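In the working numbering, the protein residues as written are 32 to 326. Yeah, the Cβ is synthetic: ideal placement off N, Cα and C, and Gly gets one too. Nothing here was measured: the structure is a model prediction, and the numbers come from that model. First the structure, in the form of structure tokens, and then the observations on it.
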């Protein structure tokens, strides 16, 4: 039976990478202590699977998300405001935000690891790489668009920057670029399963994963418009952001006005998006494998 020491020796390169990222996150206030613990557990789960693709994608997602957050951070902070009264912008992410973004992938990896070790037949492995959310690039860069965002459910209607469900061409392009980045990273990790990969099947996988990722960007905005409330400060006209993806409190007769249905907070939207895209992606990819690749 493998021990913790065996695991550490087997994954020493990955552990060094995780340690460096944890130190960076703590030094730059990217993660809260709880966020660091959740991220470390997530990394351990991704390392535990014998296919290195999952850990590589996790690191790639972290780097891409960090770079997206850093671009014009000062400018972005002035476009919205915090629920606590300060400027807007992303603060240190806590455990709930980490799990909302990585929880689906972690659960699927654990299931795949258990199933493969216990002789359980699996229909598709596509969802494992497809479970990483792609909406962050769109939200981080879309707010910097020179044009005003429009509501995804009513594209003729302009909305304030930071509105849940608001989209811009710049944001959608950023979401597509993020999808291409992750899909390309997955492509260069092929083959990572027992499937007989050919040049055509690899390209089809890349296209399917890119489409799924961009669909996640659109679904993230759609859920934001339909089931997530947007709170606006009456005096400044700026959108109020809840700390760590939480709901923003609104009192009757106060300085804030709430619009839209309040069914999910931002963390709930992220988790729902990732889970939905993973489930649909798994079904679609399995159908493509059976009817196109193996036909």
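Residue i versus the options, residue with shortest Cα-Cα distance
i, options, result
"residue 314", "214, 240 and 215", "240"
"residue 334", "207, 45 and 112", "Since the displayed the chain opens at 32 and closes at 326, residue 334 lies outside it and no answer follows."
"residue 278", "179, 265, 295 and 218", "295"
"residue 242", "187, 299 and 214", "214"
"residue 110", "149, 127, 177 and 93", "177"
"residue 272", "221, 115 and 138", "115"
"residue 56", "101, 86, 301 and 276", "101"
"residue 216", "69, 87 and 66", "87"
"residue 238", "211, 259 and 260", "211"
"residue 259", "292, 83, 236 and 249", "292"
In DSSP terms, what residue i is bridged to
i, result
"residue 270", "111 and 263"
"residue 198", "181"
"residue 124", "62"
"residue 189", "181"
Cα-Cα separation between residue i and residue j, rounded to whole angstroms
i, j, result
"residue 59", "residue 204", "28 Å"
"residue 255", "residue 267", "22 Å"
"residue 206", "residue 196", "14 Å"
"residue 144", "residue 311", "21 Å"
"residue 274", "residue 113", "7 Å"
"residue 71", "residue 247", "25 Å"
"residue 233", "residue 227", "10 Å"
"residue 265", "residue 244", "35 Å"
"residue 199", "residue 270", "16 Å"
"residue 90", "residue 193", "27 Å"
"residue 263", "residue 253", "19 Å"
"residue 73", "residue 185", "37 Å"
"residue 179", "residue 201", "10 Å"
"residue 251", "residue 301", "7 Å"
"residue 85", "residue 137", "9 Å"
Residue i classed as buried or exposed, judged by whether at least 16 other C-beta atoms fall within 10 angstroms
i, result
"residue 318", "exposed"
"residue 231", "exposed"
"residue 288", "exposed"
"residue 92", "buried"
"residue 94", "exposed"
"residue 146", "exposed"
"residue 189", "exposed"
"residue 308", "buried"
"residue 41", "exposed"
Opening and closing residue of the beta strand (DSSP E) in which residue i lies
i, result
"residue 288", "287-290"
Delimiting residues of the alpha helix (DSSP H) encompassing residue i
i, result
"residue 65", "64-79"
"residue 241", "230-258"
"residue 92", "84-101"
"residue 318", "297-319"
"residue 39", "35-41"
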